[in-house]
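Engineer:
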Amino acid sequence: MIIMSKKILIVDDDVAFGVMIKTWLQKNSWETDLVASLDRALQAAKTSRYDLILSDLRLPDGDGIMFLTYLREKKIMTPFIIMTGYADVQTAVNAIKLGAFDYLQKPIVPEILQQKIELAMSQDDAAAPKERKTARKEDYSDMVKGKSPVIQRVYTHIGLVAPTKMSVLVLGESGTGKEYIARMIHEQSGRKNNPFIAVDCGSLSMELAPSELFGHKKGSFTSAIADKKGVFEEAKGGTVFLDEVGNLPYEVQKQLLRALQEQKVRPVGSAQDVDVDVRIIAATNVDLEKAIEDGSFRQDLYHRINEFSLEVPPLRERLEDLEEFAYHFLAQANEELGKDVKSISAEAIEKLKQHKWDGNLRELRNVIRRATLFAENQEITLDNLPMLGARVQKTQEVDDMALQPGDEKEQILAALNKARGNKTVAAKLLQIDRKTLYNKMHLYGMDLT
């Protein structure tokens, strides 16, 4: 339970998102203020004292980094968490160097938000961050699994590999629930009473990765003001889940391979190895064999993490499970938002089944959450699903515009114009993922709002 009588400031110009987070925080006993601009945030910081600040990276009149810089210049050491809708790793590194406690990538997962809040609040203002708390142990027995034949085959394979010591590579599109599959493997293994720690490899730069994975010693770099254990030490006897392992920097792949082969890690700045005992489950939505051919992924590491592979089917291949998941996400949304929506109309279910679901279960969860927020009665209807009709229409309006060699900036602008500013649709047109689109827009100095 989050500590009572604490005050948090949310800075975000997405009103619907801000209200949703505010509602959830207030339900968990936080006193909460919400502002939508840098100017309002500065005024709030001058007139009120906050125990924690959650700030979006991009604001209409500035950004979260400017707000953080102002606070630190004024010696206001309130724990500060940056929220970003895209994986801008360099910005996250800069924010942490400036004194941010951590960052969160949207869409926000409430359980992760709660963990980061509790960890941030456990720190003394002038102290270095203590060791990360591992994710709380959860009961997965009541989670929705689905009954479609394709997913049942996956569960059969999980039952076979979970009790072994084999490393597992989980394959599948973004949003299919690869971390959930990894947790199921852990829960059915002999390591289930020990930690399960998930690492988003896509958020680890060359600068951050060694410290995050293997730890560091005090004084090993400028901001290392205390010893820190890496995830391999923290997960002793348990499981480390390397999500989007294909995004790990190449030099770090070499260090990871050594750790897996020798079951030893060397913290940054240390002359001594530390013995570790972990099982590795990795996941990716990219073709690692192609990455090996391109020279961006090590073949020896691939074989080390791919002792057994599982492929999670996309939602469009298991539509018979959609209604069950929709009601599961509805129950979650009711709890998070303080709503009491009881049903989803038959017309709405049919509309959901007609959607392409490029974002899979993650997209379905977000759609149901938004629909629950805007539902006026106790039923989600077609009127609460306008985002589906708009997306289908836009997708039909635009076809092949795959990003070609040449003036990338002009091609991106053309795709954004054709998609009416919808970055998800623009990325699909260009046949790149949303993260790549954001990174290219950032590279070319394009407006990300």
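Counting in this note's numbering, the sequence shown runs from 117 upward without gaps.
We put the beta carbon where it would ideally sit given N, CA and C, even for glycine.
L417 and L477 - do their beta-carbons sit closer together than 7 Å?
Structural biologist: no
Engineer: Do you know how far the Cα of A535 is from the Cα of E303?
Structural biologist: The alpha-carbon atoms of E303 and A535 are separated by roughly 43 Å.
Engineer: Using beta-carbon positions only, say whether V131 and D172 come within less than 7 Å of one another.
Structural biologist: no
Engineer: Give me the Cβ distance between E479 and G291, rounded to the nearest whole Å; I'm assuming they're in contact under 8 Å.
Structural biologist: 6 Å
Engineer: Thinking A351 and V394 are a contact (beta carbons under 8 Å), I'd like their distance in whole angstroms, please.
Structural biologist: At roughly 5 Å, the Cβ-Cβ gap stays under 8 Å, so A351 and V394 are in contact.
Engineer: Are the Cβ atoms of I217 and I233 separated by less than 7 Å?
Structural biologist: The sequence given here has Phe at residue 217, not Ile. For F217 and I233, no; Cβs fall outside 7 Å.
Engineer: Is it true that the CB of N310 sits closer than 7 Å to the CB of G353?
Structural biologist: yes
Engineer: Helix, strand or coil for G362? Go by DSSP, reduced to three states.
Structural biologist: Helix at G362.
Engineer: Apart from the five residues on each side of it in sequence, which residues of its chain come closer than 6 Å, Cβ to Cβ, to L364?
Structural biologist: C317
Engineer: Specify the secondary structure class of K294 as computed by DSSP and reduced to three states.
Structural biologist: helix
Engineer: Report yes if the CB atom of V368 is closer than 7 Å to the CB atom of H332, and no otherwise.
Structural biologist: no
Engineer: Can you tell me the Cα-Cα spacing of T250 and K345, whole angstroms?
Structural biologist: Here the model assigns T250 a pLDDT of 37, short of 50, so the residue's position is not dependable and the matter cannot be decided.
Engineer: Here's the rule: buried if 16 or more other CB atoms are within 10 angstroms of the residue's CB, otherwise exposed. What is K143?
Structural biologist: exposed
Engineer: From L545 to N538, what does the alpha carbon distance come to, in whole angstroms?
Structural biologist: CA-CA distance, L545 to N538, rounds to 11 Å.
Engineer: Rounded to whole angstroms, how far is the Cβ of I465 from the Cβ of E439, which I believe are closer than 8 Å?
Structural biologist: 6 Å
Engineer: Between the Cα of D167 and those of D359, E452, F441, T148, spot the shortest distance and give me the residue it belongs to.
Structural biologist: T148
Engineer: Can you name the residues that DSSP bridges to L125?
Structural biologist: D149, I169
Engineer: Decide if R174 is buried, meaning its Cβ has at least 16 other Cβ atoms within 10 Å, or exposed.
Structural biologist: buried
Engineer: For F330 and V402, which I take to be in contact (beta-carbon distance under 8 Å), what is that distance rounded to the nearest angstrom?
Structural biologist: In fact, because the Cβ distance is near 24 Å, the residues do not count as touching under 8 Å.
Engineer: Is M120 buried or exposed, if buried means 16 or more other CB atoms sit within 10 Å of its CB?
Structural biologist: No answer about M120 holds up, because its pLDDT of 44 lies below 50 and its placement is not dependable.
Engineer: Measuring CA to CA, which of M557, A447, E436, R420 is closest to M282?
Structural biologist: For the residues M557, A447, E436, R420, the minimum Cα distance to M282 belongs to R420.
Engineer: Around the C-beta of G180, are 16 or more other C-beta atoms found within 10 angstroms, so that it is buried, or is it exposed?
Structural biologist: G180 should be labelled buried.
Engineer: Helix, strand or coil, according to DSSP, for L373 in the structure here?
Structural biologist: helix
Engineer: Helix or strand or just coil, what does DSSP make of A278?
Structural biologist: coil
Engineer: From T139, L184, M322, S145, pick the residue whose C-alpha is nearest to that of A157; which is it?
Structural biologist: In terms of Cα proximity to A157, the closest of T139, L184, M322, S145 is L184.
Engineer: In whole angstroms, give me the CA-to-CA distance for Q470 and E289.
Structural biologist: 19 Å
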